[in-house]
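Structure first, then comments.
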Amino acid sequence: MHAPAEPDWIDGAGRARDPFRPAIEPDGFADAAELARDRDGHLKQVATLLDNTDLFVFTLGLTEAWECVAHDVVLPTCPGTVGGTFDAASYRFKNFSFLETLTDMNRFIEIARARNPAMKFLFTVSPVPLTAIASDQHVLVATMQSKSILRAVVAELYDSHDCVDYFPSYELVAAHPMRAMSYMPNLRNVASEGVARVMDVFFGSIGGDEGADEAPGKTQGAAMTPRPAPGAAPKAAAQDDDLVCEEALLEAFGK
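This is the structure in structure tokens:
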């Protein structure tokens with residue numbers, strides 16, 4: 000495990016931010032040495048996770064990103080928002096295509112299973128639409144493009160890997176038969192009732208205790224894949240009104 004070659008972001012007070020985890024410490028680290036120690040510990044934990052994970056659950060969210068020009072590495076958010084300073088000569092906008100996304104996902108599966116051949120994967124697609132974009136499209140068009148690419152990538156991964164399964168949380172929230180009932184009034188955030196319903200369907204589909212009170216056939220419309228979901232089921236996270244997606248921070252800086 001190693002950290003990509005992008006310099007730490009140091010502000011005027013000497014505090015440091017990790018370009019690849021800019022919000023891990025809200026006020027940044029005291030200095031570069033503290034950041035380095037924290038990053039080292041983080042990467043060791045990532046290695047431990049890869050070596051010991053039975054089931055890797057991952058949600059694909061969006062295709063828009065920012066790259067470092069010099070290194071072709073991807074940042075989690077645009078420099079100058081959560082931290083750092085934007086410089087058009089150093090950073091560029093990138094909207095990943097279907098082929099690029101599929102290639103990266105296949106590469107990740109290859110790397111993970113080289114370390115842990117028994118690892119299996121459960122992929123989902125986020126039903127949360129984009130709120131800020133860097134392309135010149137309307138946000139609705141950009142959202143449809145991004146979600147369509149990600150859903151198609153997951154379908155290809157499912158078809159080509161026996162170790163991959165898919166759960167349709169995206170369809171359970173965003174598909175037209177749902178009539179946007181699971182969204183909050185802003186039509187972006189998923190309401191706690193919607194999250195609970197998705198998790199009920201999930202647990203019911205794998206025969207978990209949480210789905211024991213589901214009526215027979217109630218989840219048949221969920222379009223669950225016939226392949227059994229591998230490993231243990233994830234648990235739903237509690238609703239937190241103060242939780243803010245990093246993407247939402249872009250609203251104050253972009254479109």
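Going by numbering that gives the first Met the number 0, the sequence shown opens with residue 0, and the numbers climb by one from there. From the three backbone atoms N, C-alpha and C, an ideal C-beta is built for every residue, glycine too. These numbers were taken from a predicted model, which means no experiment stands behind them.
Can you tell me whether DSSP reads residue i as helix, strand or coil?
{"i": "residue 52", "result": "coil"}
{"i": "residue 59", "result": "strand"}
{"i": "residue 178", "result": "coil"}
{"i": "residue 24", "result": "coil"}
{"i": "residue 255", "result": "There is no way to answer for residue 255, as the model of the chain reaches only from 0 to 254."}
{"i": "residue 186", "result": "coil"}
{"i": "residue 124", "result": "strand"}
{"i": "residue 5", "result": "coil"}
{"i": "residue 154", "result": "helix"}
{"i": "residue 197", "result": "helix"}
{"i": "residue 171", "result": "helix"}
Given residue i, which residues of its chain have a CB within under 8 angstroms of its CB, disregarding the five upstream and five downstream residues?
{"i": "residue 78", "result": "8, 18, 65, 84, 85, 86, 89 and 90"}
{"i": "residue 278", "result": "Since the first residue shown for the chain is 0 and the last is 254, residue 278 is missing from the structure and cannot be characterised."}
What residue from the options has the CA that sits closest to residue i's CA?
{"i": "residue 52", "options": "157, 108, 151 and 30", "result": "108"}
{"i": "residue 122", "options": "171, 27, 29 and 152", "result": "152"}
{"i": "residue 11", "options": "33, 67 and 82", "result": "82"}
{"i": "residue 104", "options": "145, 198 and 149", "result": "149"}
{"i": "residue 32", "options": "15, 25, 44 and 48", "result": "15"}
{"i": "residue 170", "options": "196, 183 and 156", "result": "196"}
{"i": "residue 101", "options": "139, 157 and 46", "result": "157"}
{"i": "residue 30", "options": "181, 13 and 24", "result": "13"}
{"i": "residue 34", "options": "44, 23 and 43", "result": "23"}
{"i": "residue 25", "options": "80, 199, 96 and 139", "result": "80"}
At the level of alpha carbons, what is the spacing between residue i and residue j?
{"i": "residue 76", "j": "residue 116", "result": "32 angstroms"}
{"i": "residue 92", "j": "residue 201", "result": "36 angstroms"}
{"i": "residue 142", "j": "residue 168", "result": "17 angstroms"}
{"i": "residue 194", "j": "residue 137", "result": "27 angstroms"}
{"i": "residue 114", "j": "residue 131", "result": "36 angstroms"}
{"i": "residue 189", "j": "residue 21", "result": "25 angstroms"}
{"i": "residue 154", "j": "residue 160", "result": "10 angstroms"}
{"i": "residue 73", "j": "residue 5", "result": "10 angstroms"}
{"i": "residue 43", "j": "residue 175", "result": "43 angstroms"}
{"i": "residue 97", "j": "residue 204", "result": "29 angstroms"}
Counting only the same chain and skipping the five closest in sequence on each side, list residues whose C-beta sits under 6 angstroms from that of residue i.
{"i": "residue 58", "result": "123 and 125"}
For residue i, I'd like the list of residues in its chain whose CB is within less than 7 angstroms of its CB, leaving aside the five on either flank, ordered along the chain.
{"i": "residue 94", "result": "62, 63 and 134"}
{"i": "residue 186", "result": "179"}
Please confirm whether residue i has its beta-carbon closer than 7 angstroms to some beta-carbon of chain D.
{"i": "residue 179", "result": "Included in the structure is just one protein chain, with no chain D present."}
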